[in-house]
Structures are given as C-alpha cells and as structure tokens.
Amino acid sequence: MEIVMSLLIGILFMSATYLMLSKSLLRVIVGTGLLSHGAHLLILTMGGLKTGAAPLLGQNAESYTDPLPQALILTAIVISFGITALFLVVAYRSYQELGTDNLELMRGKEGNE
1 MEIVMSLLIG ILFMSATYLM LSKSLLRVIV GTGLLSHGAH LLILTMGGLK TGAAPLLGQN
61 AESYTDPLPQ ALILTAIVIS FGITALFLVV AYRSYQELGT DNLELMRGKE GNE
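In terms of this note's numbering, the sequence shown has 17 at position 17, counting the first letter as 1, and numbering is strictly consecutive.
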C-alpha cells in the first residue's frame with residue numbers, strides 16, 4: 001500500500017509543480033492546492049499505514065494507531081483551506097482591477113505566446 005501512496009504522492013507533486021510554473025494565476029492556485037494535498041498524504045504515509053485499536057487510555061490492545069499524523073494533517077487541511085480561500089479572493093480582486101490572470105501581463109511585461 002505504501003508503494004501506491006508513494007506513486008500517488010509523486011503524481012500530485014509532479015502535477016503541482018507543472019501547474020505552479022504556468023502563466024495563469026488560477027493554475028498556480030490549483031497547483032498550491034495539489035501540493036498541499038500531496039504533503040498531507042506524505043505525512044500520513046510516513047506516519048505508517050497500519051490498522052489497530054484507537055489510542056485510548058485504559059484499554060489493553062495489542063497494537064495502537066498513532067494519532068499524531070492524523071492530527072497534524074487535520075490542522076494542515078484547515079490552514080491550507082484558509083490560504084486557498086485567501087489566494088482566490090486576491091486573484092479575483094486582481095482580475096477585476098487588471099482584467100487578466102496572466103502573470104506576465106501582471107508584471108508589466110509583454111506576453112510572448
């Protein structure tokens with residue numbers, strides 16, 4: 001299962017890098033979202049994909065599942081949602097002001113396409 005997750009994480013990082021290097025601001029925002037999802041899966045995979053009992057005090061179980069990666073991922077999901085919402089608001093406002101989402105045109109350079 002770890003090999004499948006590693007391949008999925010690699011595909012997410014590859015797609016995020018490709019989207020973040022494009023000229024469109026919306027693609028950059030989607031790329032940062034994909035990058036954060038890849039990081040969440042990486043933390044979950046490095047924490048170990050195993051099954052076991054819930055980590056409750058007072059229970060005598062043979063194996064416990066570590067709750068720390070899941071807590072870190074939950075916190076990171078909330079933070080990345082807020083950052084993505086902020087990026088979308090700033091991108092919408094800049095599109096209203098400048099009339100384009102092309103990053104080259106936003107810098108004041110001529111777009112060579």
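Beta carbons: idealized from backbone N, C-alpha and C, even for Gly.
Contact between I77 and T45 does not hold, since the beta-carbon distance rounds to 16 Å and is not under 8 Å. Rounded to whole angstroms, the Cβ separation of T17 and F87 is 17 Å, and the two are not in contact under 8 Å.
Within the segment 58-112, the complete alpha helix (DSSP H) segments at least 4 residues long are 68-98 and 103-106, listed from N- to C-terminus. Here L41 is not near L74, since their CB atoms are 9 Å or more apart.
The C-beta separation of L35 from V28 comes to about 10 Å, leaving the pair out of contact by the 8 Å criterion. Scanning its chain for C-beta atoms nearer than 8 Å, with the 5 sequence neighbours on each side dropped, one finds around S94 the residues L25, D101 and M106, in chain order. Just so you know, the alpha carbons of A85 and L98 end up roughly 20 Å apart. At the C-beta level, P69 and G48 come within 9 Å of one another.
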